[in-house]
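A short worksheet on the structure shown next.
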Amino acid sequence: MNKKIGFIGCGKMASAIIGGVIASNYLPKENIMAAEISEEKASEKSKELGIKVITDNNELVNSVDVVFVATTPNFVEGVLNGIKSSVTKDKLVVSIAAGVTTRFIESILGSDKRVVRVMPNTPALVLEGMSGVAGGTIATEEDVQAVVELLSNIGKAIEVTEEQLDIVTAISGSGPAFYYKVINDIARAGEKMGMDYEKALTLSIQTAIGSAKMLLSSDKSAEDLIASVATKGGCTRVGVDYMEEVDTADMFYNLIEKTAEKAHALGK
């Protein structure tokens, strides 16, 4: 992408995206700018990120090719109404606001505007994010892929349909909290059995990291990798058999289903 990008709102997620784009040399700093609500915050963010940060949203829109709406969801409507006269057909608008649909954005900016919606997650802050990207009514495949490519600088990104973004929210948007809980619960089990909690937590965290990396790098399925560790008559087999007995697959299905339903209910 050889374009100028701008962020309305420069909180943690926007800062993570900006930092990743700069660190990877995907875009020069001169091609990135942001807008904040006060001179104080603008100055603070400019020093932190090394980019131009202003306080006028319309000035930002007029200066860039791609506009990221990166405010909290409750501010999105006001921001869109404030910039709609500046959003011309040649601009691409990308929203990272949770639950705000492309249809809602288009209802304010106009149905002739190119809109892409993104569901990122907090591990983007350590450049290990996972983002789902969906195009609006007239967003082109080129638009969507440009956003996927850009977000690949803070982890991984995939194209999905907007209808699937509720599932994306449940799996990867909310997912970090679920993994934190599993990792912590395993560590607490070790503590309950007599091990120091911090040592048990280290074991649990590193095992999660190593297992994820093995799954990513292996050409074997998750089921095959489970079978390779859970050999017949071994202690791992006992544990896996117990997981099947209590039906963790059903538990996780219900977890993802309920979370996705809530994400859908919160959408507008």
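All letters in the sequence shown, in the order written, are residues 30 to 297 by the working numbering.
C-beta: ideal position from N, C-alpha, C; glycine also.
This one's a predicted model, so the numbers in the text were calculated from it and none came from an experiment.
CA-CA distance, I61 to T265, rounds to 50 angstroms. The alpha-carbon of N283 is positioned some 24 angstroms away from that of V162. Taking all protein chains shown into account, V95 has 16 or more neighbouring C-beta atoms within 10 Å of its C-beta and is therefore buried.
Going by beta carbons, R146 and G165 fall inside the 8 angstroms limit. According to the DSSP assignment, L121 belongs to the beta strand (DSSP E) that extends over 121-124.
Around the CB of D172, 16 or more other CB atoms lie within 10 Å, so the residue is classed as buried. In the displayed model, S114 falls within coil according to three-state DSSP, outside both helix and strand.
Counting along the chain, A64 sits inside the beta strand (DSSP E) bounded by residues 61-64.
Contact check for A126 against V144 fails: the beta carbons are separated by 8 angstroms or more.
Contact between the segment 113-121 and the segment 133-140 is established, with three or more Cβ pairs separated by less than 8 angstroms. In the DSSP assignment, A186 is bridged to S160.
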